[in-house]
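Here is the structure we will look at, set down as structure tokens.
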Amino acid sequence: MRTKALLALAGIALAASACTMSRAATVSATSDLSGQGPITVAVSEEHSTDTLRGQVEVWNSEHPDQAVTISVLPTDDSERYSQVRQDAHNGDNAIIEIDTAHLSEFADMGWLSKIPTSAFDTAQFFSASMSATRIGNDMYAAPYAVDTLSLHYRKDLVPTPPETWGELTDICAAHPEMSCLHAPVRPGEGLAEAVLSLASAQTGGIRDLEPTVNQLATGPLVGKDLPKSAHRAAFANGDGLFLLDDIEASSTSPQFGVTDALLSPAGKPLLSVTGLAIPDSAFHKKTALDFLTYITDRAPAQARATNDGLPPAYPNLYGDTQDTYLAMLDNVFAEHSTAASRPAGNWTTSVEHELQQVFTGEQTANDACHALASLLPSG
């Protein structure tokens, strides 16, 4: 299981004439990471796994005076965002899981401590994950896990996955007895992430969303009003040739395959990153930093991938022939050395409202694109 946190690389500008986006940021925070003792770590329910808790038990057995307690965040996106905002400045938690799209917002408020890059082997992480956790030269979170929009397909019916939207629709036309494409296009179900990711995968950026919005609005999608869980269940039960979804929908069954989301030669994937940050108000920050380096290290990350299906932020773990899951994801993340990310900010709800109006026929893709120019962060 994983969070949705598609993040923005600096340098993607917002233009009024097109759906363009960027990430801005000037921040200041303390870097005093002193104090040792018990700490609480706040993570999402989907990441509060037995594997993580087992790793915490190992830490606690070796550091009895610096015991770690797991606190679980709300499952609802808006409630979780509000809770993380509160946790970021009330001092209750020494480490918080953060959607790094909100990183600059929290750091601007002075709520996050700077983290020394020297504590991590930063060269081993996806470069986009490091960009997502930094503001300028300062690091404010450590990459915990990654995700990306992926194309899941029926390997028994589609031996070679499509590389373009046209190839996908041609394959569907050759199988009229089958539903074509399941995709999360309901507000709150990943619509914004799907549109941005698919646009970047096909064009190399997110300056022009209109073609992608038109593809999803008029294309051969199944059940546009269905929740994401229903799409996944239907696809897993054999309904549909394709599913556009996150990595968590992957199956190691030989009936299904997974690849990058229609990544064209000009395309650039968007990498989602879950970060772990140390609030500036936290106590026992030295313990927090030590635990952070332990829990985000390569071996614990690989264990969470193997046991929980949580994709690690270490690109060199993919393709491990001894691990069926990581080997399967190798072709998904093969091009992510050039990955970009989505813009920072709490704008998803407004953006999804505009996009949904295209799907209901209330406005055109062109109208939505112009509306988005006033909603998205301008850098």
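Under my numbering, the sequence shown has 369 at position 378, and the numbering climbs by one with no breaks.
Ideal Cβ placement from N, Cα and C applies to all residues, glycine included.
Item, Value
"Limits of the unbroken beta strand (DSSP E) element including Ala268", "263 to 268"
"Neighbourhood of Gly26 by C-beta distance below 8 Å, restricted to the same chain and skipping five residues each side", "Phe274, His275, Lys276, Lys277, Thr278"
"Cβ contact check for the segment 291 to 299 and the segment 307 to 322: 3 or more pairs under 8 Å", "yes"
"CA-to-CA distance, Pro211 to Thr284, given in whole angstroms", "46 Å"
"Simplified DSSP state of Glu88, which is helix, strand or coil", "strand"
"Under the three-state DSSP convention, the category Thr60 falls into", "strand"
"Beta bridge counterpart(s) of Asp134 as assigned by DSSP", "According to the sequence as given, residue 134 is Pro; it is not Asp. Gly266, per the DSSP bridge assignment."
"Euclidean distance between Cα positions of Ala442 and Cys171", "Limits of the chain in this structure are -8 at one end and 370 at the other, which puts residue 442 out of reach."
"Proximity to Asp288 [Cα-Cα], best of Pro150, Thr355, Pro218, Asp112", "Asp112"
"Backbone secondary structure at Val213 - three-state DSSP", "coil"
"Cβ pair count under 8 Å reaching 3, the segment 55 to 74 against the segment 258 to 267", "no"
"Of the residues Leu140, Gln206, Gly28, Asn81, the one placed nearest His54, counting alpha carbons only", "Gly28"
"Cross-strand partners of Asp236 (DSSP beta bridge)", "Ser141"
"Buried or exposed by the 16-neighbour rule on C-beta atoms within 10 Å, applied to Asn307", "exposed"
"Contacts around Tyr144, its chain only, beta-carbon distance under 6 Å, and the 5 residues preceding and following it disregarded", "Pro152, Phe233, Gly248"
"Buried/exposed call for Ala359, threshold 16 Cβ in 10 Å", "buried"
"Neighbour-count burial assignment, Gln246, 16 or more Cβ in a 10 Å radius", "exposed"
"DSSP state of Arg76 mapped onto helix, strand, coil", "helix"
"For Asp129, three-class secondary structure by DSSP", "strand"
"Euclidean distance between Cα positions of Gly266 and Ala132", "5 Å"
"Backbone CA spacing between Ile86 and Thr209 [nearest angstrom]", "44 Å"
"Span separating the alpha-carbon of Ser35 from that of Ala192", "28 Å"
"Identity of the residue in Ser109, Ser341, Ser104, Ala110 nearest Ile126 by Cα", "Ser104"
"Residue environment, Gly82, which counts as buried when at least 16 other CB atoms sit within 10 Å", "exposed"
"Gln46 versus Met169 - alpha carbon distance", "44 Å"
"Endpoints, the beta strand (DSSP E) within which Thr31 is located", "30 to 34"
"Cα-Cα separation, Ala114 to Thr203", "34 Å"
"Beta-carbon spacing of Asp138, Asp237 below 9 Å", "yes"
"For Gly45, three-class secondary structure by DSSP", "helix"
"Short Cβ contact (9 Å threshold) for Glu343 with Leu254", "no"
"Among Ser118, Ser241, Ala185, nearest to Ser328 - alpha-carbon criterion", "Ser118"
"Met130 versus Glu353: straight-line alpha-carbon distance, rounded", "43 Å"
"DSSP three-state assignment for Phe350, whether helix, strand or coil", "helix"
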